[in-house]
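Asker: First residue of the sequence shown? That's 0 in numbering that gives the first Met the number 0, and the numbers climb one at a time after it.
Glycine is no exception: its CB is placed at the ideal position from the N, C-alpha and C atoms.
Computed from a predicted structure; not experimentally measured.
Mind looking over this structure? Questions follow.
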Amino acid sequence: MKWFYSDILQLKLIWDDKGSIAFKIGEHQLSIKYNEEFIPPSNKFSIQPGWKGGTEPRIGWSIECDEEDFNKVVNSVLTNDITKYNNKPIWKGYWSFPILDPMNNTIEITCTEFIKNHDAN
């Protein structure tokens, strides 16, 4: 969990102890409490505004990145064994790159800047 949010999503770790971790996202904080009995839901993507394809009615969220951070996150996802909805970011009026975290939550990585080195199909 810590590896995914720190190294893949490039979030700043602000709390780490035996029972929980927390990350800073802009002016917000994402806190995750560990539970040994947690059973992840299916590895299907959640229904989310902005893109079609998710089938599960459960929580999903987005992280908007600037061009530099978006490229870092996409490269981290592509070079690791991270479940992704598409094999590359898709342009939908913004760059969209839905992935699953280790708990099978859908996270849509987005960037509103047009990035020249991505194929805008």
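If distances are taken between C-alpha atoms only, which option among E36, K11, V73, K51 comes closest to G18?
Answerer: Looking at the Cα atoms, E36 is the closest of the given residues.
Asker: Give me the DSSP bridge partner(s) of H35.
Answerer: In the sequence as presented, His is not what sits at residue 35; that position holds Glu. BP columns for E35 are empty, so no partner.
Asker: Are the CB atoms of I62 and I13 within a distance shorter than 8 angstroms?
Answerer: Not a contact, by the Cβ cut-off of 8 angstroms.
Asker: For V72 versus I7, is the C-beta spacing smaller than 8 angstroms?
Answerer: Yes, they are a contact pair.
Asker: Based on Cα-Cα distance, which residue from I114, M0, G92 lies nearest to E67?
Answerer: Here the closest residue by C-alpha is I114.
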